[in-house]
Amino acid sequence: MQHLIDSFLQTELDKLNKEQKKAALHKEGPLLVLAGAGSGKTKVVVTRIAALIAQGVDPYNILGVTFTNKAAQEMKERVSSLIGKSVLISTFHSLGVRILRESIDRLGFSRQFIIYDADDSLKLIKTLSKELYGPDEKIDAKELQSLFSSIKNNLERAIPPNIESIYNLYKKRLFELQAVDFDDLLFLPTLLFQRHPDVLEYYQDRWHYMLVDEYQDTNHAQYEFVRLLVQKRKNLFVVGDPDQSIYSWRGASIRNILDFEQDYRDATIIKLEQNYRSTRTILSAANAVIKNNDSRYEKALWSAHDEGEKISLFQARSERLEAHFVAHMVRQIRSLHGIPLSDIAIFYRTNFQSRPFEDLLLSQKIPYTIIGGLSFYQRKEIKDILAYLRLLENPNDLISFLRVINMPKRGFGEQFLTKLTAYAQREAIPIMHLLRSPPPSEIRTSAKQKAGWQEFATLYHNLLQAKEKKPLSELVRDVITQSGYLSIIDLDKETREERRENVAELIAKAAEWEDMQIQDMQIQDMQEAENPEKEPSLSRFLEELTLTTSLDSLEENNSDRLSLMTAHNGKGLEFQIVFLVGLEEELFPHINSKHSPDSLEEERRLFYVGITRAKKKLFLTYTTQRHLWGGLRHMRPSRFLHEIPFELRKIIKQ
DNA sequence: CCAGCTCTGGACCAT
DNA sequence: CCAGAGCTGG
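The numbering used here numbers the first residue of the first sequence as 66 and each following residue consecutively.
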């Protein structure tokens with residue numbers, strides 16, 4: 066048996082180059098793999114996990130962390146198909162939830178906590194700032210939100226005095242509502258490890274080998290989380306590329322990777338410099354561009370592929386004509402070279418740029434899919450229905466309550482709700498429990514409100530019963546029909562059709578999810594239990610939705626479609642043909658990055674990420690005029706275009 | 001005090 | 001181009 070595994074592993078290892086092999090066979094101690102774009106890092110990570118297991122490591126003791134569910138899923142599948150074993154590979158955020166569900170009681174929280182997404186937390190901040198400063202004070206809630214976020218992401222101890230009171234109130238209220246925000250999913254596990262050595266030790270003894278992908282995009286909380294977890298055994302395997310660090314605005318620090326040698330003594334460093342993805346032309350262009358950055362970890366990416374075609378440069382006179390050119394080229398490439406649409410992508414800097422492309426592709430009947438952007442679950446009608454569902458799970462959920470109490474209109478306005486919230490707060494009663502009796506007598510209540518109150522209470526009662534008895538999809542249907550939500554949808558004739566389709570889609574998705582859970586449960590018996598409780602429940606459905614990004618949910622779409630996405634969303638992907646569009650000053654590089662050299666370098670890294678997604682052919686386009694901020698503006702070509710050597714590009718005339 | 005209307009000002013990237 | 005502020009009638 067052992068020899069069988071060995072020979073099997075040997076075949077896998079034979080597929081790797083010298084450096085890749087060295088990384089894959091690394092067993093103990095800290096290791097940094099500097100993996101250039103397209104250098105086969107996923108293959109290395111997967112083989113390394115297989116090698117560990119072949120050497121007798123229990124799969125249960127291995128932990129892999131990635132940034133997106135999609136990447137985690139892919140790695141998991143590849144490991145499983147290679148050695149037939151299931152290994153825990155998760156995103157930082159899902160891992161945080163897992164740890165908190167097991168151990169958050171040590172921080173005084175209930176294990177039944179709810180997760181507030183960015184939208185919910187913004188609403189809470191707005192509510193609190195009114196509470197604290199009065200309704201007339203103009204407070205930039207978004208600004209506060211991002212300050213709070215960076216405090217948590219940087220594990221800041223000193224809170225700026227001017228925001229201290231509102232920050233503390235925010236934390237206190239989250240605790241009272243038994244809610245955690247997105248940043249807490251990293252912050253609280255780290256806090257847990259710092260405060261409770263026994264908890265830390267428990268997890269250290271569970272995961273002996275840790276692998277972290279995209280290490281260049283970790284923030285300080287994640288850094289600390291990882292550091293604590295591997296402290297005992299020091300078996301940390303990180304993979305990353307400083308040149309692809311593009312999330313500093315989310316608190317990521319490029320220093321984490323640049324300082325790896327200092328942080329982990331005796332660290333081995335391996336550079337993967339052979340690119341297996343792109344033509345030499347594309348790679349030379351990428352190298353020429355990134356060379357302009359000062360803060361780098363020097364490495365020379367090379368390719369054994371052919372020179373390939375020159376990079377095409379196109380200047381349009383409007384965003385509409387830019388889209389026209391792209392659509393035209395896509396048709397041509399498809400018919401002339403037989404390249405499927407699924408192997409072609411359009412990358413842009415900001416989401417609003419997708420508009421003209423969508424319009425044109427729609428009218429020309431070219432199938433496309435938008436990856437990212439406003440996801441299905443961020444649509445108003447969907448969030449409203451989900452808020453009803455969340456209240457069934459957690460009667461404390463103030464934000465969801467405020468979202469749906471007057472949806473449809475039941476006569477409750479700001480005045481009433483402010484008083485009611487204050488009342489619930491003072492009496493320390495979960496907001497939904499107030500519905501067990503008539504509105505508090507100290508709050509003036511009109512006849513309409515009394516009726517609305519009764520109606521809402523009955524609805525809640527009925528839905529709670531439906532939750533116990535009916536399958537999830539039926540429950541979702543009940544929420545939609547019984548709440549009266551359909552009457553709101555019908556109000557607006559313009560959007561009526563679309564919104565009806567969306568809520569119907571939600572019912573379908575719930576049914577689909579249920580089926581999948583049941584299937585999973587049957588497979589689950591074969592493998593070690595990885596999730597303590599796997600029965601399809603409302604709470605697990607809701608949790609998965611909050612953690613599933615638009616990026617992840619669209620992978621099920623396997624029909625032949627052109628992909629449209631931001632350059633950020635393109636990271637980790639590759640396509641035969643890539644169009645990088647909107648390459649204009651103040652757009653890419655974005656205007657907000659002009660103030661500092663650091664953020665300008667990050668823009669350049671983002672451009673680099675975009676270029677290196679292309680395998681065969683790269684198109685760069687820009688327009689001289691564009692509709693921006695409500696008006697028509699003159700645009701200048703991006704400085705990055707000038708960084709591409711002449712001999713690598715050719716200009717396409719319209 | 002709520003609901004519906006008009007007006008205005010703000011809009012990068014996202015787990 | 002949409003969300004939230006501001007205004008006014010019920």
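We treat Cβ as the ideally placed atom computed from N, Cα and C, and that holds for glycine. In this text, all values refer to a predicted model and were calculated from it rather than measured experimentally.
Problem - Closest by C-alpha distance to LYS106, when choosing among LEU242, SER310 and GLU338 - result: Of LEU242, SER310 and GLU338, the residue nearest in Cα terms is GLU338.
Practice task
Give me whichever residues DSSP pairs with TYR433 in a beta bridge.
Solution key: The beta-bridge partner set that DSSP reports for TYR433 consists of LEU627.
Practice task
Report the rounded CA-to-CA distance for LEU571 versus GLU562, giving the unit in angstroms.
Solution key: Distance between the alpha carbons of LEU571 and GLU562: 15 Å.
Practice task
Going by CA-CA distance only, name the one from LYS188, THR689 and ARG260 that's closest to ARG171.
Solution key: Among LYS188, THR689 and ARG260, the Cα nearest to that of ARG171 is on ARG260.
Problem - Buried versus exposed, by CB contacts within 10 Å (16 or more), ARG670 - result: By the 10 Å Cβ count, ARG670 comes out buried.
Practice task
Count the other C-beta atoms from every protein chain shown that fall within 10 angstroms of the C-beta of HIS393, then say buried if there are 16 or more, exposed otherwise.
Solution key: Result: exposed.
Exercise for the section: Out of PHE481, PHE379, VAL568 and ASN527, state which residue places its alpha-carbon closest to the alpha-carbon of LYS448. Expected result: The candidate whose alpha carbon is nearest that of LYS448 is VAL568.
Problem - Simplified DSSP assignment, three categories, for PHE22 - result: Outside the displayed span of the chain (66 to 719) sits residue 22, for which this structure offers no information.
Exercise for the section: Over the uninterrupted alpha helix (DSSP H) stretch that includes PHE252, give me the two end residues. Expected result: Element bounds for PHE252: 249 to 260.
Problem - Of the residues GLU507, GLU93 and LYS108, the one placed nearest GLU77, counting alpha carbons only - result: Closest option to GLU77, Cα to Cα, is LYS108.
Handout entry: Separation of PHE379 from MET700, as counted between CA atoms
Key = Each residue's alpha carbon lies about 14 Å from the other.
Handout entry: Simplified DSSP state of ALA594, which is helix, strand or coil
Key = Unreliable positioning characterises ALA594 in this predicted model, as indicated by a pLDDT of 46, which lies under 50. A coordinate reading is not provided.
Handout entry: Where the beta strand (DSSP E) through ARG691 begins and ends
Key = Run containing ARG691: 690 to 693, per the beta strand (DSSP E) assignment.
Problem - Which listed residue (ILE656, GLU667, PHE640 and GLU666) has its alpha carbon closest to that of ALA410 - result: When ILE656, GLU667, PHE640 and GLU666 are compared, the shortest CA-CA separation from ALA410 is found for PHE640.
Exercise for the section: Please confirm if the segment 680 to 690 is in contact with the segment 320 to 330, defined as three or more CB-CB distances below 8 Å between the two stretches. Expected result: No, because fewer than three Cβ pairs between the segment 680 to 690 and the segment 320 to 330 fall closer than 8 Å, the two stretches do not touch.
Exercise for the section: Could you work out which residue in GLU374, ALA353, ARG475 and ILE450 is closest to GLU708 when comparing CA atoms only? Expected result: Distances from the CA of GLU708 to each of GLU374, ALA353, ARG475 and ILE450 were compared; the closest alpha carbon is that of ALA353.
Handout entry: Paired residues, beta bridge with GLN296 - DSSP
Key = GLN296 has no beta-bridge partner at all, per DSSP.
Exercise for the section: Could you tell me which of PRO473, SER72 and PHE644 sits nearest to HIS389, measuring between CA atoms? Expected result: Answer by Cα proximity: PHE644.
Exercise for the section: Would you kindly report the start and end of the unbroken beta strand (DSSP E) that includes THR112? Expected result: From DSSP, THR112 is part of no beta strand (DSSP E) but of the alpha helix (DSSP H) over 106 to 119.
Exercise for the section: In the DSSP assignment, find the unbroken alpha helix (DSSP H) run with ASP184 in it and report its ends. Expected result: First-last of the alpha helix (DSSP H) with ASP184: 183 to 198.
Problem - Spatial distance of THR486 from GLU196 (CA atoms) - result: Cα to Cα, the separation comes out at about 10 Å.
Practice task
Would you kindly work out how many angstroms separate the C-alpha atoms of GLU533 and GLU666, rounded to a whole number?
Solution key: GLU533 and GLU666 have their C-alpha atoms some 54 Å from each other.
Practice task
Could you tell me the boundaries of the alpha helix (DSSP H) in which ILE216 lies?
Solution key: Start and end: 206 to 218.
Problem - Contact check, GLY173 vs ARG342, beta carbons under 8 Å - result: If you check the CB distance, GLY173 and ARG342 do not come in under 8 Å.
Practice task
Check whether the segment 287 to 304 touches the segment 85 to 98, taking contact to mean three or more Cβ pairs, one atom from each stretch, closer than 8 Å.
Solution key: Touching, yes, given that three or more Cβ pairs across the two stretches are closer than 8 Å.
Practice task
Classify ILE180 as helix, strand or coil using the three-state DSSP reduction.
Solution key: DSSP, reduced to helix, strand and coil, places ILE180 within a strand of the structure shown.
Problem - Uninterrupted beta strand (DSSP E) stretches inside the segment 456 to 480 (no shorter than 3 residues) - result: Contiguous beta strand (DSSP E) elements confined to the segment 456 to 480 do not occur, taking only those with 3 or more residues.
Problem - Inter-residue Cα distance where the pair is GLN243 and GLN177 - result: Answer to the nearest angstrom: the Cα atoms are 8 Å apart.
Handout entry: PRO702 - DSSP class collapsed to helix/strand/coil
Key = In this structure, PRO702 counts as strand in the three-state DSSP scheme.
Problem - Cβ-based neighbour list, GLU374, same chain, cut-off 8 Å, excluding 5 preceding and 5 following - result: Closer than 8 Å at Cβ, skipping near neighbours: THR344, THR346, LYS681 and LYS682.
Handout entry: Contacting residues, own chain, Cβ-Cβ under 7 Å from SER548 (five flanking each side not counted)
Key = Non-local beta-carbon contacts of SER548 in its own chain, meaning distances under 7 Å to residues more than five positions away in sequence, involve TYR453 and LEU524 in chain order.
Practice task
Tell me, to the nearest whole angstrom, how far the beta carbon of ARG455 is from that of LEU250; I am working on the premise that it is less than 8 Å.
Solution key: Taking the Cβ atoms as the reference, ARG455 lies roughly 17 Å from LEU250, outside the contact range of under 8 Å.
Exercise for the section: Helix, strand or coil for TRP272, going by three-state DSSP, please let me know. Expected result: Correct three-state label for TRP272: coil.
Exercise for the section: Could you name the residues of the same chain whose beta carbon sits closer than 8 Å to that of ARG698, not counting the 5 residues immediately before and after it, in chain order? Expected result: Taken in chain order, the residues that qualify are GLN690, ARG691 and HIS692.
Practice task
Report yes or no: do three or more beta-carbon pairs, one from the segment 187 to 194 and one from the segment 204 to 211, lie closer than 8 Å?
Solution key: Contact between the segment 187 to 194 and the segment 204 to 211 is present, with at least three C-beta pairs closer than 8 Å.
Exercise for the section: Check the C-beta distance from TYR550 over to ILE464 and give it rounded, since I have them as a contact under 8 Å. Expected result: With 8 Å as the limit, TYR550 and ILE464 do not qualify as a contact, their Cβ atoms being about 18 Å apart.
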